[in-house]
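Trainee: In the working numbering, the protein residues as written are 27 to 314.
In this text, a Cβ means the ideal position worked out from N, Cα and C, and glycines have one as well.
Source: prediction; values computed, not measured.
Take a look at the following structure, please.
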């Protein structure tokens, strides 16, 4: 077994290789004058199980093409088995057609990865579980929520409560809360009058408690900022956003910090300075 490190996931690749005590291969990558990508895996893979680790975060298209090239190169070098480890899967939110003629983009992305040479596929906290059904190869969606829960448990929060950013995040909040041994809830909009809608935790009080706000992705930060405002109005003590994928597009992190949130806690599915938790043990466990 060996690990092939995609350029979007160098730290995670090294951590996965360390889990297995196996060789880490860094491909040769450069661009031709016209912008085309040159890719070469500089080692023999004949009969090996190759783990290709590459997130498809920004720039999504470049990282996706690199992933496909690495999968194909690994197959061409005679790897007996090629596992595509794509901790953050781009286009996963484009999984439905709302207007005629719209591309169901994730379906095409899954076909590309499969036909490029993947024998199986691993991702983490994909936006919708159904996405993995687009593959005809074995495909696994892991969750980093227990890992985040263990990390948060070490922060010594005061009477903490875990809140899902919306109803869809309720199950993720539950997984973190179970790891921490605390209560959980989710934010829900309630119509008080025909003209007035309030957003609040469905059943729990957050007054004088540290609150962990959970979501799978923090992209623009808008959801987290609005949730923090709501929770502060209800006298929450401290706000701790936690997510698997720190997309943090544009100036999202600056906006979050300007809203008075000091710390964002995320994993290394996307390698960012807020990536405090590694998913390498999670990946190693499913491969074992």
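Quick one: what's got a C-beta closer than 6 Å to residue 35's C-beta in the same chain, skipping five residues either side?
Mentor: Excluding residues within five positions, the ones whose Cβ falls inside 6 Å are 79, 80, 81.
Trainee: Using beta-carbon positions only, say whether residue 211 and residue 187 come within less than 8 Å of one another.
Mentor: The answer is yes: Cβ separation under 8 Å.
Trainee: Between residue 168 and the rest of its own chain, which residues show a CB-CB distance below 8 Å, the 5 nearest in sequence each way excluded?
Mentor: Answer for residue 168: 148, 149, 150, 151, 305, 308, 309, 312, listed in chain order.
Trainee: Out of curiosity, what's the CA-to-CA distance linking residue 161 and residue 234?
Mentor: Those two C-alpha atoms are separated by around 47 Å.
Trainee: Check whether chain C comes within 8 Å of residue 245, counting only Cβ atoms and requiring the distance to be less than that.
Mentor: Protein chains in the displayed structure number just one, and chain C is not present.
Trainee: For residue 301, report the span of its beta strand (DSSP E) as first-last.
Mentor: Residues 301-303.
Trainee: Can you grab the Cα-Cα spacing for the pair residue 138 / residue 314, in whole Å?
Mentor: Near 26 Å, if we compare the C-alpha coordinates of residue 314 and residue 138.
Trainee: Please state the DSSP three-state secondary structure of residue 223.
Mentor: At residue 223 the pLDDT is 46, less than 50, meaning the model places this residue with poor confidence; the figure from the coordinates comes in the next sentence. Correct three-state label for residue 223: strand.
Trainee: For residue 298, collect the residues of the same chain with a Cβ closer than 7 Å to its Cβ; drop the 5 residues on either side in sequence, then sort them by chain order.
Mentor: Cβ within range, chain order: 272, 274, 292.
Trainee: Quick one, which of 65, 115, 144, 59 has its alpha-carbon nearest residue 101's?
Mentor: Ranking the options by Cα distance to residue 101, first place goes to 144.
Trainee: Alpha carbon to alpha carbon, how far is residue 223 from residue 230?
Mentor: Reliability of the predicted coordinates at residue 223 is poor, the pLDDT of 46 falling under 50, and the value obtained from them is presented with this limitation in mind. Those two C-alpha atoms are separated by around 18 Å.
Trainee: Let me know the beta strand (DSSP E) ranges lying completely inside the segment 270-304, each 3 residues or longer, listed in chain order.
Mentor: The qualifying runs are 301-303.
Trainee: Buried or exposed: which applies to residue 59, given that a residue is buried once 16 or more other Cβ atoms fall within 10 Å of its Cβ?
Mentor: Exposed, by the Cβ-count rule.
Trainee: Taking residue 190 as part of the beta strand (DSSP E), name the residues at either end of that continuous run.
Mentor: Unbroken beta strand (DSSP E) run through residue 190: 187-190.
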